[in-house]
Amino acid sequence: MPRYILENGVRRQMTDAEETARDAEETAWANGALDRAMDTLRTNRDRIIAETDYLALSDVTMSDAWKTYRQSLRDITSGVDTVEKAENVTWPTKPS
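Remember, the working numbering sits 9 above the position in the sequence shown when you count from 1.
Here it is in structure tokens:
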């Protein structure tokens with residue numbers, strides 16, 4: 010199936026070289042899906058850990074429940090090796 014591009018407002022069919030280049034771009038994007046999903050997972054995890062950093066201060070005694078919660082957050086990327094796993098992690102429950 011031919012693909013088209015707009016060039017100066019005119020729709021035209023891609024050349025073979027443009028098709029090849031576009032295929033390479035799409036392959037590179039698809040190959041980076043896990044990296045992007047892991048970046049998102051780590052960003053969310055790091056934000057949640059940062060919200061509890063005050064509990065790790067030297068003048069605060071952290072309960073075992075909070076220690077376990079924070080460790081679970083740090084370990085959340087363990088075994089995540091697919092985009093589906095990265096997008097569907099089970100987040101630990103925050104202690105009350």
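No residue lacks a Cβ here, since even glycine has one placed at the ideal position from N, Cα and C.
Collapsed DSSP secondary structure at residue i in the structure displayed
| i | result |
| --- | --- |
| residue 14 | strand |
| residue 19 | strand |
| residue 103 | coil |
Expected contact under 8 Å - CB spacing of residue i and residue j to nearest Å
| i | j | result |
| --- | --- | --- |
| residue 86 | residue 51 | 7 Å |
Exposed unless 16 or more other CB atoms sit within 10 angstroms - verdict on residue i
| i | result |
| --- | --- |
| residue 78 | buried |
| residue 33 | exposed |
| residue 95 | buried |
Beta-carbon gap between residue i and residue j smaller than 8 Å
| i | j | result |
| --- | --- | --- |
| residue 104 | residue 81 | no |
| residue 92 | residue 98 | no |
Cβ shell of residue i (< 8 Å), same chain only, five flanking positions each side left out
| i | result |
| --- | --- |
| residue 23 | 11, 12, 13, 14 and 31 |
Cβ shell of residue i (< 6 Å), same chain only, five flanking positions each side left out
| i | result |
| --- | --- |
| residue 75 | 64 and 104 |
| residue 43 | 92 |
Cβ shell of residue i (< 7 Å), same chain only, five flanking positions each side left out
| i | result |
| --- | --- |
| residue 57 | 82 |
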